[in-house]
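Protein sequences, first through last, are from chains Z and P. The first sequence begins at 0 in numbering that gives the first Met the number 0 and counts up by one. The second sequence begins at 0 in numbering that gives the first Met the number 0 and counts up by one.
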Amino acid sequence: MEEYQIEISEEDERQEESATKKVLKWFSKNLLFLILPGSRLEDLTIRQMEYEKLISKRKFIRRLKSVLTIIGILIVLAIVTLAIFPHWISPYTFAEVGRLAVYTGVWDPPSPEHLLGQGAMGRDVLGRIIFGARASLTIALPAISFSVILGIMIGIIAAYYGGWLDAVIMRLCDILLAFPGLVLALVFIAIWGQQIQYIMLAWGILGVPYYARLIRGNVLQARALPYIEAAKVAGAGSWRIMFRHILPNVIQPIIISFTFDIGGVILGLAGLAYLGFSDASLIEWGNDINAARVYLYSAPWASLMPGFMILLTVLGFMLVGDGLRDALDPRLRNL
Amino acid sequence: MSMLKYFFKRILAMVPVIFGVMTLTFILSRMMPGNPALAMLEAQGIAKPNPEVIRAMEKALGLDQPIIIQYFRYLADLFTGQWGTSVSIARNQPVWDLIMQRLPLTIDLALFSMLIASLLGIRAGVISSTHRNKARDTVVRGMALIGVAVPVFFLGMLLQYLLGFVFPIFPTTGHKNFIYPNPEFVTGFYMIDSLISGEIYKIFDYLYHMILPVFCLSFITLAGITRQTRSSMLEILEQDYVRTARAKGCKERDVIHSHALKNALIPTVTVIGLNFAALLTGAVLTESTFGLAGIGNLLIFSIYLTDYWVLSAVVFLITLIFIFATLFTDLLYGILDPRIRY
Numbered sequence: 000m001e002e003y004q005i006e007i008s009e010e011d012e013r014q015e016e017s018a019t020k021k022v023l024k025w026f027s028k029n030l031l032f033l034i035l036p037g038s039r040l041e042d043l044t045i046r047q048m049e050y051e052k053l054i055s056k057r058k059f060i061r062r063l064k065s066v067l068t069i070i071g072i073l074i075v076l077a078i079v080t081l082a083i084f085p086h087w088i089s090p091y092t093f094a095e096v097g098r099l100a101v102y103t104g105v106w107d108p109p110s111p112e113h114l115l116g117q118g119a120m121g122r123d124v125l126g127r128i129i130f131g132a133r134a135s136l137t138i139a140l141p142a143i144s145f146s147v148i149l150g151i152m153i154g155i156i157a158a159y160y161g162g163w164l165d166a167v168i169m170r171l172c173d174i175l176l177a178f179p180g181l182v183l184a185l186v187f188i189a190i191w192g193q194q195i196q197y198i199m200l201a202w203g204i205l206g207v208p209y210y211a212r213l214i215r216g217n218v219l220q221a222r223a224l225p226y227i228e229a230a231k232v233a234g235a236g237s238w239r240i241m242f243r244h245i246l247p248n249v250i251q252p253i254i255i256s257f258t259f260d261i262g263g264v265i266l267g268l269a270g271l272a273y274l275g276f277s278d279a280s281l282i283e284w285g286n287d288i289n290a291a292r293v294y295l296y297s298a299p300w301a302s303l304m305p306g307f308m309i310l311l312t313v314l315g316f317m318l319v320g321d322g323l324r325d326a327l328d329p330r331l332r333n334l
Numbered sequence: 000m001s002m003l004k005y006f007f008k009r010i011l012a013m014v015p016v017i018f019g020v021m022t023l024t025f026i027l028s029r030m031m032p033g034n035p036a037l038a039m040l041e042a043q044g045i046a047k048p049n050p051e052v053i054r055a056m057e058k059a060l061g062l063d064q065p066i067i068i069q070y071f072r073y074l075a076d077l078f079t080g081q082w083g084t085s086v087s088i089a090r091n092q093p094v095w096d097l098i099m100q101r102l103p104l105t106i107d108l109a110l111f112s113m114l115i116a117s118l119l120g121i122r123a124g125v126i127s128s129t130h131r132n133k134a135r136d137t138v139v140r141g142m143a144l145i146g147v148a149v150p151v152f153f154l155g156m157l158l159q160y161l162l163g164f165v166f167p168i169f170p171t172t173g174h175k176n177f178i179y180p181n182p183e184f185v186t187g188f189y190m191i192d193s194l195i196s197g198e199i200y201k202i203f204d205y206l207y208h209m210i211l212p213v214f215c216l217s218f219i220t221l222a223g224i225t226r227q228t229r230s231s232m233l234e235i236l237e238q239d240y241v242r243t244a245r246a247k248g249c250k251e252r253d254v255i256h257s258h259a260l261k262n263a264l265i266p267t268v269t270v271i272g273l274n275f276a277a278l279l280t281g282a283v284l285t286e287s288t289f290g291l292a293g294i295g296n297l298l299i300f301s302i303y304l305t306d307y308w309v310l311s312a313v314v315f316l317i318t319l320i321f322i323f324a325t326l327f328t329d330l331l332y333g334i335l336d337p338r339i340r341y
């Protein structure tokens, strides 16, 4: 009897927490449920839940431990560090490598003060490379998030409801997928202008049909499983079934594709910048390559070094994507 | 019989997509900034026209009619080959002629790259999967990984620098020695025309110039095909029927080629078809790097110089090529995999 009364008072204490805390808890719980393997709602006892979490995380991390994947994770961490803390790492400040800096020694070879040589207007190539990491990541991530979120919603809705809605949405996706990526991105930029937000929007729109297609196949398979019928019988509405029951089970290929797509969008951004269709005032690897293009024979460091950085970044993301794919579903193992 | 039905179904499925592509191209080309009538007038030499002249030109171009009528006229023009007139790239030259001058080069580039990438990629994937975790496998996987991650233009510039400047072996730009005049126009394809006109040295010159661009483009497509072949071969080599074939006493070569590879080719062919889009994209970047006058270069310059009609025509053409490549892959898939025909 006394224990029961203590439980009531604990619940009373728990209701003291603020609304923001409650919202944050709800948000984090649902996000973890969607993304991490092993997060489950409290329909199991606490002990069973802890055990499940431990087992699946252990399996996941064990499968993740391969040399190439660790190299990939290290490369990605290095690039992210360059993107977040360039001011600490770069030998020159942002003003000294930025748009308004002009120095002597334009296109000079590598020297002790300029480890990778000097580029346009005498700016340090190494400093520009370090500051350029930000641009790629900060343009790629919102674009891909946009395509993933919109693509998931469209794909699940199309596959769940089926019928004419499915047919229409898939037709539209087919039409959009019929255009090669760079071509459509070029057309969008020709229409809207060469600013960063339009570049992000262009790549975002291009990714939507791909993710919608990807998730539609899995949702069609998952829709026929018995637990969906059970949820319907229990009275769950369509949206609840779609986003609470189906989504966590079909999200694995999306996560893998997400990682590969980051590499793809970085390549696409660099390609656009190389052709000259990006914001020229941005410190980006592609912009540097474009500016140094005509000086390839006399100053190869200025164009080949940023290109090598692009290669390294995309390689890191590809390795992480490969490792994730092998860890999440050993049946798709490439190793 | 079911093969023919499958073919018809696939072709029929392409028709709404092609219409959708034409509609989207129309919408996008109407959304471009700038007045096409103004651009046309400037091309004819009138710098600052009166509003009346602009309106007259709009009427001549059919731009003052309701948008539905414009749409149907656009479709009609697209089918009859009147794809407009170029205003800034080649003054007053019909777009059709401009494209037909440049298309053979891009087709050559894409065809050579695709052939080399498919043949070599499948070979490399087979080698990599049969000698698993040995030296050959690691080398092939490493190169495939680099090929998937490398930007085309970086590879192109690196090759231009190393093999064109440091060790001047290969030419770095253009598709022919600029001294040689073009052969007489029969088909538009440089190699075929040179063969017909009997100037064999031009063929060798052309191949010599195309080595670097084709290498760049095929390296990247090769990487994707190798990865896909390798993973499907690995999956298949664990299957029971391969073990049965070995137990029956088949030569190892037959086991791999006749039994395993035939089944592994099925998803590989799909990947080859999908990679065609990457090939067209890569062709744009490669043509820009190596200074080749192909469709990709036309696309870029039409955006730089805001050449309205050339842009919409080139976008439509590139998409059409891609759609037909996908259709071809689907048909090939139907031939290779009897399961989906029924």
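Built from N, CA and C at the ideal position, the CB exists for glycine as well.
*CA-CA distance, Ala82 (chain Z) and Phe130 (chain Z)?*
7 Å
*asked:* Is Met304 (chain Z) close to chain P? Criterion is C-beta to C-beta, closer than 8 Å.
replied: no
*With distances taken Cα to Cα, identify the nearest neighbour of Thr105 (chain P) among P:Met209, P:Arg338 and P:Asn274.*
P:Met209
_Sufficient close CB pairs (3 or more, under 8 Å) joining the stretch 183–198 of chain Z to the stretch 294–314 of chain P_ = yes
*Please determine if the stretch 270–280 of chain P and the stretch 208–225 of chain P are in contact, where contact requires at least 3 C-beta pairs separated by less than 8 Å.*
yes
*Who pairs with Asp123 (chain Z) in a beta bridge, going by DSSP?*
Z:Gln117
*In angstroms with no decimal places, state the Cα-to-Cα distance between Ala148 (chain P) and Gly154 (chain Z).*
28 Å
*Go to Lys347 (chain P), then tell me how far its alpha helix (DSSP H) extends in each direction, as first and last residue.*
There is simply no residue 347 (chain P) to check, as chain P begins at 0 and stops at 341 in what is shown.
_The alpha helix (DSSP H) that contains Leu246 (chain Z), what's its start and end?_
Leu246 to Val249
_For Thr342 (chain P): DSSP bridge partner residues_ = Given a span of 0 to 341 for chain P in the structure shown, any question on residue 342 (chain P) remains unanswerable.
*asked:* Please classify Ala109 (chain P) as buried or exposed, where buried requires at least 16 other C-beta atoms within 10 Å of its C-beta.
replied: buried
*asked:* Within the continuous alpha helix (DSSP H) that includes Phe25 (chain P), where are the two ends?
replied: Ser1 to Arg29
*Could you say which of Z:Tyr91, Z:Ala158 and Z:Ala279 lies nearest to Leu125 (chain Z) if we only look at CA atoms?*
Z:Tyr91
*asked:* If we define contact as Cβ-Cβ less than 8 Å, is Met56 (chain P) a contact residue for chain Z?
replied: no
*The alpha helix (DSSP H) enclosing Gln220 (chain Z), as first and last residue numbers*: Ile195 to Arg222
*State buried or exposed for His113 (chain Z), treating a residue as buried only when at least 16 other CB atoms are found within 10 Å of its CB.*
buried
*Confirm, please, whether the CB-CB distance from Met39 (chain P) to Val86 (chain P) is below 8 Å.*
yes
*Spell out a yes or no on whether the stretch 115–125 of chain Z and the stretch 289–298 of chain Z are touching, meaning 3 or more CB-CB pairs, one atom from each, closer than 8 Å.*
yes
*CB contact flag (Arg101 (chain P), Gly293 (chain P), <8 Å)*: yes
*Closer than 7 Å by C-beta to Glu183 (chain P): which residues in its own chain qualify, once you throw out the five before and the five after it? Chain order, please.*
Asp192 and Ser196
*Could you check which residue in P:Phe7, P:Asn49, P:Thr84 and P:Ser1 has the C-alpha nearest to that of Pro35 (chain P)?*
P:Thr84
*If you follow the alpha helix (DSSP H) that Trp163 (chain Z) is part of, which residue opens it and which one closes it?*
Gly162 to Leu176
*Counting contacts by CB-CB distance shorter than 8 Å, is Met142 (chain P) in contact with chain Z?*
no
*asked:* Is there a Cβ of chain P sitting closer than 8 Å to that of Ala177 (chain Z), yes or no?
replied: yes
*Could you tell me whether any non-hydrogen atom of the ligand FAD is closer than 7 Å to the CB of Gln238 (chain P)?*
Looking at this structure, you won't find the ligand FAD or any other ligand, since it has none at all.
*asked:* Counting only Cβ-Cβ distances shorter than 9 Å, please list the residues of the stretch 19–34 of chain P near chain Z, keeping chain order.
replied: Gly19, Val20, Thr22, Leu23, Thr24, Leu27, Ser28, Met30, Met31 and Pro32
_Taking 8 Å as the cut-off, does the stretch 163–179 of chain P touch the stretch 236–251 of chain P (at least 3 CB pairs, one atom from each stretch)?_
no
*Leaving out the 5 sequence neighbours to the left and right, which residues in its chain are closer than 7 Å to Ile299 (chain P) when beta-carbon positions are compared?*
Val283 and Ser287
*Hey, does Ser87 (chain P) have any beta-carbon neighbour from chain Z nearer than 8 Å?*
no
*When you compare only the Cα positions, how much space is there between Lys28 (chain Z) and His244 (chain Z)?*
15 Å
*Hey, is Asp260 (chain Z)'s beta-carbon within less than 8 Å of any beta-carbon in chain P?*
no
_Against chain Z, with Cβ distances strictly below 8 Å, would Tyr73 (chain P) count as a contact?_
no
*Whole angstroms is fine: what's the gap from Leu334 (chain Z)'s alpha carbon to Arg140 (chain P)'s?*
With a pLDDT of 42 at Leu334 (chain Z), under the threshold of 50, the modelled position of that residue is not reliable, and the figure given next carries that caveat. C-alpha separation (whole angstroms): 10 Å.
*Would Gly168 (chain Z) count as contacting chain P if we go by Cβ distances under 8 Å?*
Before going on, a small fix: residue 168 (chain Z) reads as Ile here, not Gly. Not one chain P Cβ lies under 8 Å of Ile168 (chain Z).
*Report yes if the CB atom of Ser28 (chain P) is closer than 8 Å to the CB atom of Leu310 (chain P), and no otherwise.*
yes
*Excluding the 5 residues preceding and the 5 following Met31 (chain P) in the sequence, name in chain order all residues of the same chain whose CB lies nearer than 8 Å to its CB.*
Thr305, Tyr307 and Leu310
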